[in-house]
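Worksheet for the structure shown next.
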Amino acid sequence: MKLSRVLLLIAVLIAALAVAACGGAAPAPAAPKEEAAPKEEAKAEAPAQKTYEDLVVGYAQIGAESEWRTANTASIKEEAEKLGVELKFSDAQQKQENQIKAIRSFIAQQVDVIGVSPVVETGWETVFQEAKDAGIPLILVDRRADVPEDLYATYLGSDFVEEGHKAGKAMMELLPDGGKVVELVGTVGSAPANDRAKGFREAIEGDDGIEIIASQSGDFTRAKGKEVMEAFLKTYGEDIDALYAHNDDMAIGAIQAIEEYGLKP
Numbered sequence: 008m009k010l011s012r013v014l015l016l017i018a019v020l021i022a023a024l025a026v027a028a029c030g031g032a033a034p035a036p037a038a039p040k041e042e043a044a045p046k047e048e049a050k051a052e053a054p055a056q057k058t059y060e061d062l063v064v065g066y067a068q069i070g071a072e073s074e075w076r077t078a079n080t081a082s083i084k085e086e087a088e089k090l091g092v093e094l095k096f097s098d099a100q101q102k103q104e105n106q107i108k109a110i111r112s113f114i115a116q117q118v119d120v121i122g123v124s125p126v127v128e129t130g131w132e133t134v135f136q137e138a139k140d141a142g143i144p145l146i147l148v149d150r151r152a153d154v155p156e157d158l159y160a161t162y163l164g165s166d167f168v169e170e171g172h173k174a175g176k177a178m179m180e181l182l183p184d185g186g187k188v189v190e191l192v193g194t195v196g197s198a199p200a201n202d203r204a205k206g207f208r209e210a211i212e213g214d215d216g217i218e219i220i221a222s223q224s225g226d227f228t229r230a231k232g233k234e235v236m237e238a239f240l241k242t243y244g245e246d247i248d249a250l251y252a253h254n255d256d257m258a259i260g261a262i263q264a265i266e267e268y269g270l271k272p
């Protein structure tokens, strides 16, 4: 995703956080005139709408597994500062247990809204329910979670299955006569890894000439992408016709491995 798109996504996120947290209660219906309270009684005031400067946002980030994520984090912090939003930020270092701890900490601090990029799809229902019970809206950013839709306010992100479809169609164009493909998968159990793999396979399903001969997680990192590609090359060598990587960082690592092996990617 280009940096400009990252910035746009973050602007939309902060705006969505504001909308989720700033909604005031609906005004009570007017009482009949004959039952109106005496003039000397103070009239109850409607709750004031919050501004960006009033907002306290908790954000449970995955970590810094890729250049995209680093830019994503920087954009969130910059946009929050620009709007005057108080941002409580947590880096989970690619661990679900750390994200769950962060969300519970945000609940205890009674933030106005919580944003989270779930490191994996499953295992969130309990803590999301805790946020709902506390009356704190929760927004999924970049990655989905496998939970009932009433446990989060909205999702901001891409259609990863469609991304897989497009990659599969591009692969068929690059390999019109078929070929052997190795796959660098993202973090095991994550939404983009699951859905990009699914979309890719759906796209090439009718093409008997394209065969995925190996698939292994590179955890969305450049170093791991290189390491796994080195293993692929050691096993399959020049029998590999193409690589499908779930993100650019793993692809860059794989390119380094291919070049060091003596091939031209």
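Taken in order, the sequence shown gives residues 8 to 272; the numbers are from the working numbering.
Ideal Cβ positions, reconstructed from N, Cα and C, are used throughout, including at glycine.
Treat the numbers as computed from the prediction; the structure is a model and nothing was measured.
Query raised in the report: According to the neighbour-count rule (16 or more other Cβ atoms, all chains shown, within 10 Å of its Cβ), is Gln-101 buried or exposed?
Result: buried
Query raised in the report: Do the segment 168-187 and the segment 140-151 touch if we need at least three Cβ pairs shorter than 8 Å?
Result: no
Requested in this report: Would you identify the three-state DSSP class for Phe-96, choosing helix, strand or coil?
Outcome: strand
Query raised in the report: How many whole angstroms separate the CB atoms of Leu-250 and Leu-191, which I take to be in contact at a CB cut-off of 8 Å?
Result: 7 Å
**Report entry** Three-state secondary structure assigned by DSSP to Lys-40
**Finding:** Because the pLDDT of Lys-40 is 44, which lies under 50, any placement of that residue in the model is unreliable, and the question is left without a value.
Requested in this report: Take Asp-157 as the anchor and find which of Glu-169, Asp-166, Phe-113, Glu-132 has the nearest alpha-carbon.
Outcome: Glu-132
**Report entry** beta strand (DSSP E) runs contained entirely in the segment 157-245, provided each spans 3 or more residues
**Finding:** 161-163, 186-192, 217-224
Query - Within 8 Å, strictly: CB atoms of Gly-216 and Met-257 - result: no
Query raised in the report: How close, in whole Å, do the beta carbons of Phe-227 and Asn-201 come, if the pair is a contact with beta carbons under 8 Å?
Result: Not a contact, Cβ separation roughly 13 Å.
**Report entry** Residue closest to Tyr-159, alpha-carbon to alpha-carbon, out of Tyr-66, Glu-180, Phe-135, Asp-119
**Finding:** Phe-135
Query raised in the report: Does DSSP put Gln-68 in a helix, a strand or coil?
Result: strand
Requested in this report: Might you give, ordered along the chain, the residues of its own chain that have their beta carbon closer than 6 Å to the beta carbon of Gln-223, omitting 5 neighbours on each side?
Outcome: Val-235
Query raised in the report: Can you name the start and end residues of the beta strand (DSSP E) that Ala-249 belongs to?
Result: 249-252
Report task. Determine, using beta-carbon pairs with one atom in the segment 71-87 and one in the segment 109-119, whether at least three such pairs fall under 8 Å. Result -> no
Requested in this report: Would you please state the rounded distance, in angstroms, between the beta carbons of Val-123 and Thr-194? I believe it to be under 8 Å.
Outcome: Actually they do not touch by this definition, with Cβ atoms about 15 Å apart.
Report task. Please state whether DSSP places Ile-143 in a helix, a strand or coil. Result -> coil
Requested in this report: Pick helix, strand or coil for Gly-122, following the three-state DSSP scheme.
Outcome: strand
Query raised in the report: Based on Cα-Cα distance, which residue from Val-64, Ile-265, Asn-105 lies nearest to Val-92?
Result: Val-64
Query raised in the report: Does the beta-carbon distance from Val-118 to Lys-95 come in below 8 Å?
Result: yes
Query raised in the report: Shortest alpha-carbon distance to Gly-110 belongs to which of Ala-81, Thr-80, Ala-141?
Result: Residue identity differs from the one stated: residue 110 is Ile in this sequence, not Gly. Closest option to Ile-110, Cα to Cα, is Ala-141.
Query raised in the report: Ends of the alpha helix (DSSP H) at Ala-264?
Result: 255-268
Query - Coarse secondary structure for Val-127, derived from DSSP in three states - result: coil
Query raised in the report: Do Val-168 and Ile-219 come within 8 Å of each other at the CB atom, strictly closer than that value?
Result: no
Report task. Measure the Cβ-Cβ separation of Gly-175 and Gly-206 and say whether it is below 8 Å. Result -> yes
Query raised in the report: Cβ of Gly-171 within 8 Å of Cβ of Ala-204?
Result: yes
Query raised in the report: Tyr-243: which of Ile-121, Tyr-268, Ala-71, Ala-252 sits nearest, CA to CA?
Result: Tyr-268
Query raised in the report: In terms of residue numbering, what span does the alpha helix (DSSP H) encompassing Ser-82 cover?
Result: 74-90
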